[in-house]
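Using our numbering, read the sequence shown as starting at -14 and increasing by one per residue.
Glycine is no exception: its CB is placed at the ideal position from the N, C-alpha and C atoms.
In this text, all values refer to a predicted model and were calculated from it rather than measured experimentally.
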Amino acid sequence: NLISALVDSGVVPPAPGGYDRDPEYVMETFDHLVHKLSRQAGQMEQRALHSERLARDVEQFNEYILTSMTTGMIIFDQNGEVLRFNRAAEQILRMPADAMMGRHYSESGLSADLIEMFEAGLHRGEVFSRHELKVEREGGDPIYLGINTSCIKSDTDESVGLSVLLTDLTAIKKLQDEVAENQRLAD
């Protein structure tokens, strides 16, 4: 019976005299169980609140990291929709994050070369490391980007998205061009 199982598992103390059908003992056992369950429910609620606070803190810390990065970061889900577009990506590409969030990369207004890289990563699993690309921006001179992509994998090794890191190499390229021009003039 239930009371015997509870006694055997150590949840409740055995009945005095071994008579577990005594109404007073049954009521005490019931009260004991209700008190114990109530205490455990309170502990579980405290743990849940702590876990929620911890999750919010981790999420906020991740947001601080993404916002503080000087490297542009774009994260796509497995369908190619933008999940994250940090401040540096906004500045480098001159595109507001709120206009990019939730949009498919093919509808983003980004250059065809960038879109091809995103497709290669998302659909063929290609990874680009230290790839350099000249990109035309709306209303401005072209920029030179350093690009790194990584396929985001689940714990079952299934592709669940793509992360893209962008570094503006334009100033470095201009300096390299100036050095090359000075060397050409010196020769």
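- Measuring CA to CA, which of Val149, Gln161, Leu107 and Val(-3) is closest to Ala74? Ala74 has its Cα closest to that of Val149, out of Val149, Gln161, Leu107 and Val(-3).
- If you scan the segment 43 to 89 from start to end, which runs of the beta strand (DSSP E) of 3 or more residues do you find wholly inside it? Here the runs fully enclosed are 57 to 62 and 67 to 70.
- Short Cβ contact (8 Å threshold) for Leu51 with Arg38: For Leu51 and Arg38, no; Cβs fall outside 8 Å.
- 6 Å CB neighbourhood of Gly65 in its chain, flanking five on each side removed: Its chain contains His89, Tyr90 and Leu107 as the residues whose beta carbon lies nearer than 6 Å to that of Gly65, once the 5 sequence neighbours on both sides are disregarded; these appear in chain order.
- Item | Chain-order list of residues whose beta-carbon lies under 7 Å from that of Ala156 (same chain, five-residue window excluded) | Cβ contact annotation for Ala156 (same chain, cutoff 7 Å, sequence separation greater than five): none.
- Span of the beta strand (DSSP E), counted from its first residue to its last, around Gly146: Element bounds for Gly146: Ser144 to Asp153.
- Measure the beta-carbon distance from Glu117 to Leu99 and round it to whole angstroms, keeping in mind my assumption that it falls under 8 Å. About 12 Å separates the Cβ atoms of Glu117 and Leu99, ruling out a contact at the 8 Å cut-off.
- Query: Where do the N-terminal and C-terminal ends of the alpha helix (DSSP H) with Gly131 fall, by residue?
  - Reply: It is not in any alpha helix (DSSP H) - Gly131 instead sits in the beta strand (DSSP E) that spans Ile128 to Lys138.
- Straight-line gap, Leu78 to Leu154 (C-alpha atoms, nearest Å): Taking the Cα positions, Leu78 is about 12 Å away from Leu154.
- Task: Could you check what DSSP says for Glu123 in three-state terms: helix, strand or coil?
- Result: For Glu123, the secondary structure class from DSSP, reduced to helix, strand or coil, is coil.
- Query: Between Glu111 and Met86, what straight-line distance do the alpha-carbon atoms span, to the nearest angstrom?
  - Reply: Between Glu111 and Met86, the alpha-carbon positions lie close to 23 Å from each other.
- Item | Integer-rounded CB distance, given that Val(-3) should sit under 8 Å from His17 | Their Cβ separation, rounded to whole angstroms, is 6 Å, which keeps His17 and Val(-3) in contact under 8 Å.
- Task: State the DSSP-derived secondary structure class of Leu95, mapped to helix, strand or coil.
- Result: Coil, per DSSP.
- Item | Three-state secondary structure assigned by DSSP to Glu104 | DSSP, read as helix, strand or coil, puts Glu104 in helix.
- Message: Helix, strand or coil, according to DSSP, for Glu30 in the structure here?
- Response: Three-state DSSP puts Glu30 in a helix.
- To the nearest angstrom, report how far apart Leu22 and Arg32 are at their CA atoms. Distance between the alpha carbons of Leu22 and Arg32: 15 Å.
- Item | Closest residue to Gln63 among Arg122, Gln45, Phe103 and Ala165 (Cα-Cα distance) | Relative to Gln63, the option among Arg122, Gln45, Phe103 and Ala165 whose CA is nearest is Phe103.
- Grab me the residues of Leu151's own chain with a C-beta within less than 8 Å of its C-beta, minus the 5 sequence neighbours each way, in chain order. Only Thr56, Gly57, Met58, Ile59, Ala73, Ala74, Ile77, Leu78, Leu130, Gly131 and Ile132 meet the Cβ criterion.
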